[in-house]
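Quick notes on the structure that follows.
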Amino acid sequence: MIDDLRLRPVGEDDLPEFYAHQLDPDANRMAAFGPPDPTDRRAFAAHWVRILTDPEIVARTVTIDGEVIGHMLAFPADGRTEVSYWIDRPRWGRGYATRALGALLREITRRPLYARAAVDNVASLAVLRRCGFVVSGTDRAYAPSRGHEVDEYVLELPG
442 MIDDLRLRPV GEDDLPEFYA HQLDPDANRM AAFGPPDPTD RRAFAAHWVR ILTDPEIVAR
502 TVTIDGEVIG HMLAFPADGR TEVSYWIDRP RWGRGYATRA LGALLREITR RPLYARAAVD
562 NVASLAVLRR CGFVVSGTDR AYAPSRGHEV DEYVLELPG
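Take the working numbering: the final residue in the sequence shown is number 600, and no numbers are missing along the way.
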């Protein structure tokens, strides 16, 4: 039986789950570009206030059988639209990120879309590739979760 994966608009009731997800040190290291201090509740709240009050950002909660397992975002960045996502680590490896990103891409129809991932984030790169993204460049940026600069791929979902 396939789990009932759904996307819905983010509600304030989802935020405690998102906060709990970001406390996982292994997930933060893999994501690389998360918050400098995942335990900082004020920074977390301010971040989500910005997301939820910006009409240009599409923010979706990912649920499986009604349980919150992560979120998907589409947001403006340097004149283009990027996507990002976070799935709770105990749910990794089950295809949820791929299915959820696919659902977001059906909702966000403008193209091209872009994404970024640390070059060593093999799982996220696989998700993006399965959804049609291709590497279009590289960049190097400071990764707060790792405390140093890392190489990242810039990926594009062509039009």
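Just so you know, even glycine gets a beta-carbon here, dropped at the ideal spot from N, CA and C.
*Are there 16 or more other CB atoms within 10 angstroms of the CB of Val563, so buried, or fewer, so exposed?*
exposed
_Whole-number beta carbon distance between Ala541 and Leu456, since they are thought to touch under 8 Å_ = Not quite, the Cβ-Cβ distance comes to about 18 Å (not below 8 Å), so this is no contact.
*When burial is assigned at 16 or more other CB atoms within 10 Å of the CB, is Thr550 buried or exposed?*
exposed
*So does the stretch 592-600 actually touch the stretch 506-514, counting three or more Cβ pairs closer than 8 Å?*
no
*Is it true that the CB of Gln463 sits closer than 8 Å to the CB of Pro479?*
yes
*Would you be able to state if there are at least three C-beta pairs under 8 Å between the stretch 518-527 and the stretch 552-572?*
yes
*Do the CB positions of Pro485 and Ala584 come within less than 8 Å of each other?*
Checking the displayed sequence, the identity of residue 485 turns out to be Phe instead of Pro. No, Cβ-Cβ distance for Phe485 and Ala584 is not below 8 Å.
*Which residues mark the beginning and the end of the alpha helix (DSSP H) in which Arg535 is found?*
Careful: Arg535 lies outside any alpha helix (DSSP H) and carries neither H nor E.
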